[in-house]
Amino acid sequence: MQTLGTCYTYIEELEDLFAKIGLTVHRMKPAEVLDIINRIENVCREGVFTNGNVMLNEMPVILSSAMLIMPFVNSRSSMEQVMYAARTVIADRFFETDPKIIYRCCILLAGNRSVTELLSDRIFLDLIGENLYNNVRWFNGEAFQECMFLSCFASALFETEASVKPDIQSYEREIRKWLDICSRADYKLEKLVQ
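One gets this note's numbering by counting positions in the sequence shown from 1 and adding 550 to each.
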């Protein structure tokens, strides 16, 4: 986080450069960043999210990359716009990791969207490994489970004020529901979206 703090310090100095490559810098007050960090901390303390690293061991990198990209998006940004920002700042090089991991931050930064809604989003489908083989649309089960978990985490994050606990039982039910649907889908996307 200290490295990210340093990045925020210099971001205004590079505003003209960012504009030349198509990125707009959104002014973020330190209180806003602190509020988001507090929300993350509060959500991570609750039930199913406490052990988020069990479901998604890249969670620290995804959260850090979201914090890095946050000044270039806003609450109305689409997943496509967030993906553009992530690719433009070359976040995968900053964190020296697989871009597929970094790009999952799109789920966190594109607002509070349900899994059902995300299943019609091209970026989300790419993140879960959608592919066509023998006229059947397939998905990667592990990638879906991880992205679904991030979607529930994002919902808890956006629905929760820093001082209020999220309704953790509803997120536990949502995660169990999607894990069950995923296990019955046999990796066929059509069965997942029904």
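Note that beta-carbon positions come from the ideal geometry of N, C-alpha and C, so glycine has one too.
Problem set entry | For Y653 and A636, the rounded distance between their alpha carbons | In the sequence shown, counting from the first residue as 1, residue 636 sits at position 86. In the sequence shown, counting from the first residue as 1, residue 653 sits at position 103. Linking A636 to Y653 through their CA atoms gives a straight-line distance of about 7 Å.
Exercise. Is Y737 helix, strand or coil when you go by DSSP?
Worked result: Along the sequence shown, one-based indexing puts residue 737 at 187. In the three-state reduction of the DSSP assignment, Y737 falls in the coil class.
Exercise. In this structure, does DSSP put L669 in helix, strand or coil?
Worked result: Against the sequence shown, residue 669 aligns to sequence position 119. In the structure shown, L669 sits in coil (DSSP, three-state: anything other than H, G, I, E or B).
Exercise. Cα separation between P649 and D671?
Worked result: Residue mapping note: residue 649 aligns to position 99 of the sequence shown, counting from 1. Residue mapping note: residue 671 aligns to position 121 of the sequence shown, counting from 1. Rounded to the nearest angstrom, the two C-alpha atoms are 19 Å apart.
Problem set entry | Rounded straight-line distance, which links the Cα of L658 to that of V639 | What you label residue 639 is simply residue 89 of the sequence shown in a count that begins at 1. What you label residue 658 is simply residue 108 of the sequence shown in a count that begins at 1. Roughly 17 Å between the two C-alpha positions.
Problem set entry | Uninterrupted alpha helix (DSSP H) stretches inside the segment 608 to 670 (no shorter than 4 residues) | Annotation: the segment 608 to 670 contains the following complete segments of the alpha helix (DSSP H) (minimum length 4 residues), in chain order: 609 to 619, 629 to 638, 641 to 645, 649 to 653, 655 to 659 and 665 to 668.
Exercise. Quick one, which of I612, A616 and L675 has its alpha-carbon nearest V583's?
Worked result: Here the question's residue 583 lines up with position 33 in the sequence shown. Nearest C-alpha to V583: A616.
Problem set entry | Simplified DSSP state of R595, which is helix, strand or coil | The residue given as residue 595 occupies position 45 in the sequence shown. It is coil, neither helix nor strand.
Exercise. With C-beta atoms as the reference, is E722 less than 9 Å away from V686?
Worked result: Numbered from 1 along the sequence shown, position 172 holds the residue referred to as residue 722. Numbered from 1 along the sequence shown, position 136 holds the residue referred to as residue 686. Not a contact, by the Cβ cut-off of 9 Å.
For this session: For S627, count neighbouring C-beta atoms within 10 Å of its own C-beta (all shown protein chains included) and say buried if the count is 16 or more, exposed if not.
Result: Taking the first residue of the sequence shown as position 1, residue 627 is located at position 77. Classification of S627: buried, given that the 10 Å Cβ count is 16 or more.
Exercise. Roughly how far, in whole angstroms, is the beta-carbon of V593 from the beta-carbon of F703, given that I think they are within contact range, below 8 Å?
Worked result: Here residue 593 refers to the residue found at position 43 when the sequence shown is read from its first residue. Here residue 703 refers to the residue found at position 153 when the sequence shown is read from its first residue. 7 Å between Cβ atoms; contact.
For this session: Write down the C-beta distance between A693 and I678 rounded to the nearest angstrom, noting that I regard them as a contact closer than 8 Å.
Result: Here residue 693 refers to the residue found at position 143 of the sequence shown. Here residue 678 refers to the residue found at position 128 of the sequence shown. Going by Cβ atoms, the distance from A693 to I678 rounds to 5 Å, so yes, they are a contact pair.
Exercise. Run through DSSP, which three-state label would N681 get?
Worked result: For the purposes of this step, residue 681 is taken as the residue at position 131 of the sequence shown. Strand.
Problem set entry | Residue burial classification, L700 (beta-carbon count within 10 angstroms, cutoff 16) | As a first step, residue 700 is located in the sequence shown; it is residue number 150 there, counting from the start. It is buried - the Cβ of L700 has at least 16 other Cβ atoms within 10 Å.
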